[in-house]
Amino acid sequence: MGLIEQIGQWFDERLQLAAPIREAAEHPVPRNTASWFYVFGSAALTVFLLQLVTGILLALIYVPSAGEAWRSLQSLNHDITLGWFIRAMHGWGSNFMIAIVLIHMVQVFLFGAYKFPRELTWIVGVFLLLMTLGMAFSGQVLRFDQDAYWGLGIGASIASRVPIVGPLTVKLMLGGPIIAGATLSRFFALHVFVIPGTLIALVGLHLLMVLKLGINEWPMPGRLVKRSTYTSEYHELTKRAGAPFVPYAIWKDLFFAGFILLAVAACALYFGPFGPTGQPDPTIIQTAPKPDYFFLWLYALLSLLPPSMETPALLIGPVLVIIGLLLLPFLSGEGEKSWCRRPIAVLTVLLIAITLGTFTHLAEFAPWSPHMNAWSGDPVPPQFLHSKTALERQGSLVFQVKQCRNCHSLGESGGQRGPALDNVAVRLTQDQLIRQVIQGGGNMPAYGKNLSPAETTALVAFLETLHPAEQAPARDYSRGVALGESPDTSSSMRSSTRP
Amino acid sequence: MPNENVLSRRGLFMKLGMLFNGVVATALAAPIVGFLLSSVTRGRANGYLSWVPLGRVNEFPEGETRLATFRNPNVMPTDGKTVDTACWVRHVQGDEFQVFAINCAHLGCPVRWFPQSGLFMCPCHGGAYYSDGARASGPPERGLFEYPYKVQDGLVTIQAGELPTPGAAIALLKDKPPCGAEKDLVSIESGKLSISSGTNALLERNKTWA
């Protein structure tokens, strides 16, 4: 007997773990579950372990104090050997973890794995998803920069809208009346102790149930789940026709886990760590806070919902989604598992993916935000100034000085909050332009108090020149009649521009 | 085999032991919950609000809106720069002012003032407000939050101390407000804890940006 074997035996006589571990490793699984579709759960666990390790490494340097956190991140990035790489691994690991958890969830949903007898495994999984998102948000707070500071303000503003207990919730969340030292400390406690502790416990429970109940078999169209017969059918698939998990299925998990770790490391090497952005100093107001990637869809939703619907949607929406996810295994705990015969399930996944994808894409360029520096920074394209009268050029100055450009683009530069004005004269007549500028409306502020009559005249004269050369500006027919002009003025202008 | 209906001596002790632990747990729960909720219970008693001076009246030209900063009345040693807050001061005329919170009434992002167009614009979700703080466009459901202010001895003072949010706009002192300019402030500079009081010391910290 070799020395190593002897040492192993010495430990096992005392621990008595070898037999149960061997039993767990070699438990039979249905043969067709040794598939590349079944690797996402173990990949999520792998990235979670990576997060634990890199998180502990970061905690060696990071200072969870509102006065010091930002500087300690700077020294991680710049002073400590390879500090930037560990930060980058942790940041990219977080993105990968959310992505893999979501893919795992979609796979489990489409393969009907939440059905009898794995309802509780799914429910624990829903809480694992919520914990993962909680880790992502609290982690963004620990990167204590401007985005973190104002992100907390957004969180507080949302929490404050809960009826009756809202204001109390805000103080509980912030640890005081404002975003300050106590806020960072409690998010540190959440991110480092509370949520990871719960995550470890729930992951253990989740894995235990996968072992006890067995991995979900590959769904066959037409093979329906019935509570009375499922257990014996599954027994047939595993005990008679199954294969031991180790090594029959595990090699794919191992390869995929290694590949994911390499991918995280590659992203960390190539793209580097996330931030921190500017200092968390609330007196620096020249900032445009944005959430991290996986909350961008929410950022878009908050801009696009009608104001009256926002609070109900914010407060009721998440509750409904969570209740729906928790109830899913009870609403369809039996029946068809295969995605081939569950069109509504497939459509639901597609609809949610397209919706979240669209919102995320919109949030990347945020067309609803005014471009704060467009009025002073973006030049008026020369084609809009060429051969224009002094009055019209004066109007273009008014257009810039009054910050119209912050919300309206010209020549594809400027804000996108309002419509692009390159062809506005085709859409609105002179009277309509004056009315729109002075009274506002349709989500545009009224400028009546901030424009002198001379400025309005110049501005509208400029706006009236904004039309394609071959298309005449919109014109109020009755005005021509009232002024005794020939009704053909506009059409003669159109013909004059033709060669 | 003991009769299940008869409580054995050890069974009684076990139940008494559980009861004992229950009593101890309840007794310990009180300070734990009290500690956890301390940030809420103190707020309910208005412990966070104070009068804070922003600057002298002549630092805010009539008819203009200027950015001012003030230090939050409650300072903890680990707060860093987070206790310094900005606000917009609009001097209407004479002793008439409007002091707007920097936080957008939609979701709290910092609004910026554009004097040329007379608008406050929010960089996050595109909320806009007129010069008097009224909602102009975008997602906010209301106008900008306004701090209560008073002008005393040529000094503009506001009642501040809590983050204004849509659910709890601006908190007001319930009782007779103390004259905040005299309130002691603890500050930590170059590692030394110092307690300063009086208007001038406060004004030094709450520099106004012209």
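Chains as they are written, first to last, in the numbering used here: chain F, 17 to 515; chain Y, 3 to 212. Note that CB positions come from ideal geometry on N, CA and C, so glycine has one too.
- Task: Can you grab the Cα-Cα spacing for the pair residue 166 of chain Y / residue 36 of chain Y, in whole Å?
- Result: The residue labelled residue 166 of chain Y in the question sits at position 164 within the second sequence. The residue labelled residue 36 of chain Y in the question sits at position 34 within the second sequence. Approximately 25 Å between the Cα atoms of the pair.
Contact set between the segment 90–106 of chain Y and chain F, restricted to residues whose Cβ is under 9 Å from the partner: Result list: 104, 105, 106.
Chain F contacts from the segment 116–136 of chain Y (Cβ-Cβ distance under 9 Å) | 116, 118, 119, 120, 121, 123, 124, 125, 126, 127, 128, 130, 131, 132, 133
Specify the secondary structure class of residue 88 of chain Y as computed by DSSP and reduced to three states.
Locating residue 88 of chain Y in the second sequence gives position 86, where the first residue counts as 1. The answer is strand: DSSP assigns residue 88 of chain Y an E or B state.
Closest Cα partner of residue 89 of chain Y within the set Y:101, Y:73, Y:97, Y:79
By one-based count along the second sequence, residue 89 of chain Y stands at place 87. Nearest C-alpha to residue 89 of chain Y: Y:101.
Notebook entry, point to check: Alpha carbon to alpha carbon, how far is residue 418 of chain F from residue 108 of chain F?
Noted result: Here the question's residue 418 of chain F lines up with position 402 in the first sequence. Here the question's residue 108 of chain F lines up with position 92 in the first sequence. Those two C-alpha atoms are separated by around 42 Å.
> Residues in the segment 303–322 of chain F with C-beta within 7 Å of chain Y's C-beta atoms, listed in sequence order?
Replying inline: 303, 304, 305, 318, 319
Item to complete: Indicate whether the contact test is met: 3 or more Cβ pairs, each with one atom in the segment 206–226 of chain F and one in the segment 165–184 of chain F, closer than 8 Å.
Response: Below 8 Å, too few C-beta pairs join the segment 206–226 of chain F and the segment 165–184 of chain F to call them touching: fewer than three.
First through last residue of the beta strand (DSSP E) which encompasses residue 103 of chain Y | Within the second sequence, residue 103 of chain Y is the residue found at index 101, counting from 1. Element bounds for residue 103 of chain Y: 98–103.
- Message: So if DSSP puts residue 93 of chain Y in a beta bridge, which residue, or which two residues, is it bridged to?
- Response: Here residue 93 of chain Y is taken as the residue at index 91 of the second sequence, counted from 1. Secondary-structure assignment with DSSP links residue 93 of chain Y through a beta bridge to Y:99.
Would you call residue 353 of chain F buried or exposed, if buried means 16 or more other Cβ atoms sit within 10 Å of its Cβ? Counting from one through the first sequence, the residue named residue 353 of chain F turns up at place 337. Residue 353 of chain F is buried by the Cβ-count criterion.
- request: Could you list the residues in the segment 157–171 of chain Y with a C-beta less than 7 Å from some C-beta on chain F, going in chain order?
  value: Within the segment 157–171 of chain Y, 163, 164, 165, 167, 168, 169, 170 place their CB atoms closer than 7 Å to a CB of chain F, listed in sequence order.
Any beta carbon of chain F sitting closer than 8 Å to that of residue 35 of chain Y? Taking the second sequence and counting its residues from 1, one reaches residue 35 of chain Y at position 33. Taking Cβ atoms only, chain F never reaches closer than 8 Å to residue 35 of chain Y, which makes this a no.
CA nearest to the CA of residue 66 of chain Y, picked from Y:133, Y:50, Y:42
Start at 1 with the first residue of the second sequence, and residue 66 of chain Y comes out as number 64. Measuring from the Cα of residue 66 of chain Y, the nearest candidate turns out to be Y:133.
- prompt: What's the call for residue 106 of chain Y, buried or exposed, on a 16-neighbour Cβ count within 10 Å?
  reply: Position 104 of the second sequence holds residue 106 of chain Y. Residue 106 of chain Y should be labelled buried.
- Query: Between the segment 200–227 of chain F and chain Y, which residues of the former have a C-beta closer than 7 Å to a C-beta of the latter?
  - Reply: none
*Best match in F:290, F:53, F:298 for proximity to residue 158 of chain F [C-alpha to C-alpha]*: Numbered from 1 along the first sequence, position 142 holds the residue referred to as residue 158 of chain F. Answer by Cα proximity: F:290.
Reduced DSSP category for residue 460 of chain F - H, G, I as helix; E, B as strand; rest coil: Position 444 of the first sequence, counted from the start, is the residue given in the question as residue 460 of chain F. Taken through DSSP and simplified to helix, strand or coil, residue 460 of chain F comes out as coil.
Give me, in chain order, the residues of the same chain whose beta-carbon lies closer than 7 Å to that of residue 137 of chain Y; leave out the 5 immediate sequence neighbours on both sides.
Stepping through the second sequence from its first residue, residue 137 of chain Y is reached at position 135. The residues are 131, 144, 145.
Q) Are any of the Cβ atoms in chain Y nearer than 8 Å to that of residue 198 of chain F? A) Within the first sequence, residue 198 of chain F is the residue found at index 182, counting from 1. Yes, its Cβ sits closer than 8 Å to a Cβ of chain Y.
Q | Pairwise C-alpha distance: residue 381 of chain F and residue 330 of chain F | A | On the first sequence, residue 330 of chain F is found 314 positions in, with the first residue counted as 1. On the first sequence, residue 381 of chain F is found 365 positions in, with the first residue counted as 1. When rounded, the distance between both Cα atoms is 23 Å.
**Prompt:** Short check: CB of residue 265 of chain F to CB of residue 49 of chain F, under 8 Å?
**Reply:** Numbered from 1 along the first sequence, position 249 holds the residue referred to as residue 265 of chain F. Numbered from 1 along the first sequence, position 33 holds the residue referred to as residue 49 of chain F. Going by C-beta atoms, residue 265 of chain F is nearer than 8 Å to residue 49 of chain F.
query = How many Å lie between residue 113 of chain Y and residue 473 of chain F at the Cα?
reply = If you number the second sequence from 1, residue 113 of chain Y lands on position 111. If you number the first sequence from 1, residue 473 of chain F lands on position 457. Each residue's Cα considered, the two are about 30 Å apart.
**Message:** Going by C-alpha to C-alpha distance, which of Y:169, Y:158, Y:12 sits closest to residue 98 of chain Y?
**Reply:** As a working note, residue 98 of chain Y is residue 96 in the second sequence. When each option's Cα is compared against that of residue 98 of chain Y, the closest is Y:158.
- Message: By DSSP's criteria, residue 68 of chain Y is part of a beta bridge. Which residues make up the other side?
- Response: Residue numbering aside, residue 68 of chain Y sits at position 66 when the second sequence is read from its first letter. Answer is Y:91.
_Residues of its chain near residue 151 of chain Y, where Cβ-Cβ distance is below 7 Å and the 5 sequence neighbours each way are ignored_ = Locating residue 151 of chain Y in the second sequence gives position 149, where the first residue counts as 1. Within the same chain, and ignoring the five residues on either side of residue 151 of chain Y in sequence, the residues whose Cβ sits closer than 7 Å to its Cβ are 99, 101, 158, 159, 160.
I want to see whether chain Y comes within less than 8 Å of residue 151 of chain F, judged by CB atoms only; does it? The sequence position of residue 151 of chain F within the first sequence is 135, counting from 1. Chain Y contact via Cβ: absent.
Cutoff 6 Å; reference residue 126 of chain F; Cβ partners in own chain excluding five residues on either side: Locating residue 126 of chain F in the first sequence gives position 110, counting from the first residue. Excluding positions up to five away in sequence, the list reads 355.
**Asked** Along the segment 371–389 of chain F, what residues have a CB closer than 7 Å to any CB found in chain Y?
**Response** 384, 385, 386, 388
Just to make sure I have the definition right: I need the residues of chain F whose C-beta is within less than 7 Å of the C-beta of residue 143 of chain Y. Which are they?
Stepping through the second sequence from its first residue, residue 143 of chain Y is reached at position 141. The contacting residues are 323.
**Request:** Kindly indicate the opening and closing residues of the beta strand (DSSP E) around residue 152 of chain Y.
**Result:** For this step, residue 152 of chain Y is matched to residue 150 along the second sequence. Counting along the chain, the beta strand (DSSP E) containing residue 152 of chain Y begins and ends at 151–154.
*Listed in chain order, which residues of the segment 405–427 of chain F have Cβ atoms closer than 7 Å to some Cβ of chain Y?*
Cβ contacts with chain Y: 417, 418, 419, 422.
Report yes or no: do three or more beta-carbon pairs, one from the segment 334–346 of chain F and one from the segment 181–189 of chain F, lie closer than 8 Å? no
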